[in-house]
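S.K.: Next up is a structure, given as structure tokens.
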Amino acid sequence: MEGGSLHRLGCYLRTKWASPRRIRFWLVLLVVLYTLLGFFGAPWMIQYFAEKTVTEDYDRELSIASVQTNPYTLTVRLSGVALHDTDSEQLLGWEQLFVDMSWSSITHWALTFTTIQLDAPVIQEERFVSGETRWSRLAAQVSSTSAPEQTPATEESAALPSLQISSLQINNGSVRFTDHLREATADASSSAQAALTLEQIGLSLSDFSLEEGQSFPVSFNGQLQAGGQLALDGTLQLLPTLAFDSSASIRDLALKQAEPYLRQVMNVQLESGTLTVDGQLQTDAQQPFALQGSAGIDDLDIKNGANGEALIGWQSVQTPQFSVSLNDQQLKTESITVDGLSGKVVIYADQTTNFGQLVNGDAQASDSSDAAADATSDASAEGESAAPFAIIIEGIKLNDGGLQFADNSLPLPFSTRIHALDGELTTLSSTSAEPARVNLEGEVAEYGLVTVDGAVNAWDPMRETNVQLRFRNLQVPEYSPYTVNFAGRKIAGGTMDLDLDYSIDDSQLEGENNLVLHDLKLGEKMASSDAMDLPLNLAIALLQDSNGVIDLTLPVTGDVGNPQFDFSKIIRQAIGNAITSVVTAPFSFLASLVGFESDDLGRVEFAAGRMDLLPPQQQRVNKLREALNQRPQLVLELAGPYSRDFDAPLLQKEKAVEELQRRLAEAERAAAEPSLTAEANQDLVETMFQSYYPDTPLAELIDYFTAEPETPGGETQFDALAYRNYLAEQIIDAQNVTEAELKVIGNARAQAVYQALVSPPDAAGVAAERVRLLAPEAVDVGDDDQRIAMEIGVSAG
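Add 1100 to a position in the sequence shown, counting from 1, and you land on the number used in this note's numbering.
Right under this line is the structure:
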């Protein structure tokens, strides 16, 4: 019974369902179902499940305008796709994605695509002050939602699926990035915003494959909305290791886009500047990154963020060839040409500078310390043997550069400029101890010239530097702010030449400054709290020669590695010492001009009671006259010296002799040279003595000078010469010398020096107005001194 039932069922199926006519029906039905599912069911399911999954699993909104599939051509077209973040900001979107899969994917068991084309894709990313980004939040959520089960450690990882794409095209794409940066202020809650948009993106890949060792061509281009074009064209290999070899081009990249990041560390405004790079890019297993080509930055203009003043810029910086290699740890460039370099350095009233004020404060200090700690940790982890990155620059050529300098910390604000600056530096290499040669020339202000020549170790200038700076024809009045600050005086006129020779060896500075001033004229006085008390008028008169030239050599030394080293103070001290040494010992300086070894050029000595110049003093005065002729601005002051104790005895003797001569004449007794001690004049001398000392009998004096006989009965001995000498001494002592008579001696002495200076018999004299006769002055003469000295005064005319 049961067997019959089964037999009847089988017959029924064969006749009703498995007949040829029925098979055709089922085939048609399957085709219809496949067609309906492929054209209508698949699009609905793709859209429904995609939107539902994103909403339920990731709490975000995905919208798809349309999905089109073709089950016969294996194509999919998704249009109007948009993925929004939790706050409704768009993350991803595109106008149309077209995928054309090849039927060979089934026969070859490999994902094979004929074409993948993505039109007008948009990717939007935003980083917040916390460091979190929109896509990192989504990635973390996807990772936590779909975390795979842990596989045993012994199980091998599954191989990547075989994938081939004949053509992959991305057209007119854009990537928008917004970065919320912490504002470099005391308010940590405030933030700045940087926005970058890369648009008109085009990406093309041909014969893409995941097979090992298989490379394929790839090209990329795009344009930054704020300015700049990017392009890559080369070959890419993904397996077994990433390898990329491509031409790389950056055209007119606007550097202003980097300003928000630059302002994180410096308070500047990056007004303009474009970067252009043309080169060849390479990366592979042996070479992490290498780029070689040409590069340049044009029209750079950086201003002070606080006040908008210019800081630094240039028209063009170009190098025809450069190469950077991470594998070789080296950056190398051919000669760099800098055209139209400009800069401005300002010292403000509080002694700070415009460049010193650029670095942002507390936030950057904190970041720097954190970064330094991280770097130290990383360096320790990697070992201490990491090679430094080598930098080699085959020279720098400077054309038509300029620099403005202003110092507002002085009592008078100072400003000058260097322009038309040309020159070059030879090779700078961080791998060589050979210093770079420097050769520069420029113009200062309107008519000045500056040249720089020497050698500098650019990577360690404190180890070895030798530089010579030459300034010519600088207009000194422009530098009055510094003379006011230094000595409280303006400069009314003159030019300056300045030679600065500096050598640094292991932080030890040895320098010599040669200062030559032409026709220097002082101006009005100005108050300055820092001014030194220096007699500048006298200093200039002493230093300025007959051609109006002042030539000073100022040595400087110091340890530039010492934190207390202050170059300006060293220069100030050197100038102050030079001036002080001249004005405190003016005649020593004048003696050096004429090769006179004596330090007493300003001291003229006279014998007691005499007004004539003795031969050694004549030589001294002649040398002084020679020195004065070399210093036409100097004026001498002569105050004739006299001393009662030193000069009066000779005057008294002369008076006594004059009286004796008068008495001889009255007695008609001639004597060419009358003597108070001569025997022939004894009677007259006795008469003179009695007139001055009437109470002293001569008989007593004669008895005084008469010696008793040496033997009894012998004759007495009268010492007539001693008697006459005594009378003469007493007569001389009795002579009265008035103060007026002593002053006459002083005046005569000054007149003798005056005549030797103004009217020498056989040499050019000093102008009479440059030698002033002053009133005679009484001086003290020591008991052991044999000469009385006139100390000559000196002043500026």
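Glycine included, each C-beta is placed from N, C-alpha and C at the ideal position.
Computed from a prediction, not measured in an experiment: that's the story for all the values here.
With distance defined between alpha-carbon atoms, name the residue in Asp1507, Lys1843, His1519 nearest to Leu1441.
M.R.: Taking the first residue of the sequence shown as 1, we reach residue 1441 at position 341. When only C-alpha atoms are compared, the closest one is His1519.
S.K.: On the three-state DSSP scale, how would you describe Ala1358?
M.R.: Position 258 of the sequence shown, counted from the first residue, corresponds to residue 1358. Correct three-state label for Ala1358: helix.
S.K.: Please go through the same chain and pick out, in chain order, the residues whose beta-carbon is closer than 6 Å to the beta-carbon of Tyr1448, but skip the five residues on each side of it.
M.R.: One-based indexing of the sequence shown puts residue 1448 at position 348. Contacts found: Asn1508.
S.K.: Candidates Thr1175, Val1154, Ser1163, Ala1343: which alpha carbon is nearest Phe1139's?
M.R.: Translated into positions along the sequence shown, residue 1139 becomes position 39. Of the candidates Thr1175, Val1154, Ser1163, Ala1343, the one whose C-alpha sits nearest the C-alpha of Phe1139 is Thr1175.
S.K.: Looking only at C-alpha atoms, which of Asn1566, Pro1388, Thr1583 sits nearest to Glu1612?
M.R.: Locating residue 1612 in the sequence shown gives position 512, where the first residue counts as 1. Closest by alpha carbon: Asn1566.
S.K.: Go to Asp1745, then tell me how far its alpha helix (DSSP H) extends in each direction, as first and last residue.
M.R.: Residue numbering aside, residue 1745 sits at position 645 when the sequence shown is read from its first letter. Asp1745 -> alpha helix (DSSP H) spans 1744-1766.
S.K.: Quick one: grab the DSSP three-state call for Phe1455.
M.R.: Translated into positions along the sequence shown, residue 1455 becomes position 355. Reduced to three states, the DSSP call for Phe1455 is coil.
S.K.: Could you check what DSSP says for Pro1716 in three-state terms: helix, strand or coil?
M.R.: Taking the first residue of the sequence shown as position 1, residue 1716 is located at position 616. Here Pro1716 sits in helix by DSSP.
S.K.: Where does Leu1776 fall in DSSP's three states?
M.R.: For the purposes of this step, residue 1776 is identified with residue 676 of the sequence shown, where counting begins at 1. Coil, per DSSP.
S.K.: Could you name the residues of the same chain whose beta carbon sits closer than 7 Å to that of Ile1491, not counting the 5 residues immediately before and after it, in chain order?
M.R.: Here residue 1491 refers to the residue found at position 391 of the sequence shown. These residues qualify, in order along the chain: Leu1431, Ser1530.
S.K.: Check whether the stretch 1662-1676 touches the stretch 1760-1767, taking contact to mean three or more Cβ pairs, one atom from each stretch, closer than 8 Å.
M.R.: No: fewer than three Cβ pairs fall under 8 Å.
S.K.: Thinking just about the alpha-carbon of each residue, which of Glu1726, Leu1701, Gly1709 is nearest to the one in Pro1716?
M.R.: In the sequence shown, the residue the question calls residue 1716 occupies position 616. Of the candidates Glu1726, Leu1701, Gly1709, the one whose C-alpha sits nearest the C-alpha of Pro1716 is Leu1701.
S.K.: Nearest CA to the CA of Gly1396: which residue from Phe1389, Ile1436, Leu1370?
M.R.: Position 296 of the sequence shown holds residue 1396. Among Phe1389, Ile1436, Leu1370, the Cα nearest to that of Gly1396 is on Ile1436.
S.K.: In the DSSP assignment, what residue or residues form a beta bridge with Gly1502?
M.R.: Residue mapping note: residue 1502 aligns to position 402 of the sequence shown, counting from 1. According to DSSP, Gly1502 bridges with Ser1442.
S.K.: For Glu1839, I'd like the list of residues in its chain whose CB is within less than 7 Å of its CB, leaving aside the five on either flank, ordered along the chain.
M.R.: Indexing the sequence shown from 1 puts residue 1839 at position 739. Counting only Cβ-Cβ distances below 7 Å, and skipping sequence neighbours, we find nothing.
S.K.: For the stretch 1546-1625, which segments carrying the alpha helix (DSSP H) assignment without a break, of at least 4 residues, lie completely within its bounds, in sequence order?
M.R.: Here the runs fully enclosed are 1580-1587.
S.K.: What whole-angstrom Cβ distance do Pro1741 and Gly1893 have, given they're in contact under 8 Å?
M.R.: Translated into positions along the sequence shown, residue 1741 becomes position 641. Translated into positions along the sequence shown, residue 1893 becomes position 793. Going by Cβ atoms, the distance from Pro1741 to Gly1893 rounds to 12 Å, so no, they are not a contact pair.
S.K.: Considering only residues of the stretch 1622-1687, which uninterrupted beta strand (DSSP E) runs meet the minimum length of 3 residues and lie entirely inside it, listed in chain order?
M.R.: Counting whole runs of 3 or more residues, the stretch 1622-1687 contains the beta strand (DSSP E) stretches 1649-1659.
S.K.: Less than 8 Å between the CB atoms is what I'm expecting for Ser1315 and Thr1341, so what's the real figure, rounded?
M.R.: For this step, residue 1315 is matched to residue 215 along the sequence shown. For this step, residue 1341 is matched to residue 241 along the sequence shown. Not a contact, Cβ separation roughly 12 Å.
S.K.: Mind checking Thr1433: buried by the 16 CB within 10 Å criterion, or exposed?
M.R.: For the purposes of this step, residue 1433 is identified with residue 333 of the sequence shown, where counting begins at 1. Buried: at least 16 other Cβ atoms inside 10 Å.
S.K.: For Ser1346, is the classification buried or exposed, using 16 other Cβ atoms within 10 angstroms of its Cβ as the cut-off for buried?
M.R.: In the sequence shown, residue 1346 corresponds to position 246, counting from 1. Ser1346 is buried by the Cβ-count criterion.
S.K.: With DSSP run on the structure shown, which of helix, strand or coil describes Val1131?
M.R.: Mapped onto the sequence shown, residue 1131 falls at position 31. Three-state result, Val1131: helix.
S.K.: How is Ser1480 classed by DSSP in three states: helix, strand or coil?
M.R.: Numbered from 1 along the sequence shown, position 380 holds the residue referred to as residue 1480. Unreliable placement is indicated for Ser1480, whose pLDDT of 46 sits below 50; the coordinate value is still reported in the next sentence. Looking at Ser1480 - three-state DSSP - the assignment turns out to be helix.
S.K.: Reducing DSSP to helix, strand and coil, say where Arg1363 ends up.
M.R.: Along the sequence shown, one-based indexing puts residue 1363 at 263. In this structure, Arg1363 counts as coil in the three-state DSSP scheme.
S.K.: Select from Val1459, Gln1380, Thr1551 the residue whose C-alpha is nearest the C-alpha of Ser1425.
M.R.: Numbered from 1 along the sequence shown, position 325 holds the residue referred to as residue 1425. Among Val1459, Gln1380, Thr1551, the Cα nearest to that of Ser1425 belongs to Gln1380.
S.K.: Taking its Cβ as the centre, do 16 or more other Cβ atoms sit within 10 Å of Phe1149, making it buried, or is it exposed?
M.R.: Locating residue 1149 in the sequence shown gives position 49, where the first residue counts as 1. It is exposed - the Cβ of Phe1149 has fewer than 16 other Cβ atoms within 10 Å.
S.K.: For Thr1169, which residues in the same chain have their Cβ closer than 8 Å to its Cβ, ignoring the five residues on either side in sequence?
M.R.: Walking along the sequence shown from the start, residue 1169 turns up at place 69. Gly1138, Phe1139, Ala1142, Pro1143, Ile1146, Thr1175, Val1176, Arg1177.
S.K.: Run the CB neighbour count on Gly1709, radius 10 Å, all protein chains shown included, and call it buried at 16 or more, exposed below.
M.R.: Position 609 of the sequence shown, counted from the start, is the residue given in the question as residue 1709. It counts as buried.
S.K.: Tell me whether Ala1864 is buried or exposed, calling it buried when 16 or more other Cβ atoms sit within 10 Å of its Cβ.
M.R.: Sequence index remark: in the sequence shown, residue 1864 carries index 764 (1-based). Its Cβ having fewer than 16 others within 10 Å, Ala1864 is exposed.
S.K.: Assess, as a yes-or-no matter, whether the stretch 1627-1636 is touched by the stretch 1724-1735 under the definition of 3 or more beta carbon pairs within less than 8 Å.
M.R.: As far as the Cβ criterion goes, the stretch 1724-1735 does not touch the stretch 1627-1636, which means the pair count is below three.
S.K.: Got a sec? Which residues, its chain only, sit under 6 Å from Leu1528 by beta carbon, not counting five neighbours each side?
M.R.: The residue given as residue 1528 occupies position 428 in the sequence shown. These residues qualify, in order along the chain: Ile1493, Ala1536, Ala1558.
S.K.: Have a look at the DSSP bridge pairing and note the partners of Ser1509.
M.R.: Start at 1 with the first residue of the sequence shown, and residue 1509 comes out as number 409. Paired residues: none, contrary to the question.
S.K.: Considering only the beta carbon of each residue, do Glu1705 and Leu1874 sit closer than 7 Å?
M.R.: Taking the first residue of the sequence shown as 1, we reach residue 1705 at position 605. Taking the first residue of the sequence shown as 1, we reach residue 1874 at position 774. Against a cut-off of 7 Å, the Cβ pair of Leu1874 and Glu1705 comes out as no contact.
S.K.: Could you name the residues of the same chain whose beta carbon sits closer than 7 Å to that of Glu1524, not counting the 5 residues immediately before and after it, in chain order?
M.R.: Start at 1 with the first residue of the sequence shown, and residue 1524 comes out as number 424. Contacts found: Gly1495, Ile1496, Lys1497, Leu1498, Asn1539.
S.K.: Look up Leu1338 in the DSSP assignment and say whether it is helix, strand or coil.
M.R.: Position 238 of the sequence shown holds residue 1338. Looking at Leu1338 - three-state DSSP - the assignment turns out to be coil, as it is neither helix nor strand.
S.K.: Taking DSSP as the reference, what is the three-state secondary structure of Ile1892?
M.R.: Within the sequence shown, residue 1892 is the residue found at index 792, counting from 1. If DSSP states are grouped into helix, strand and coil, Ile1892 belongs with coil.
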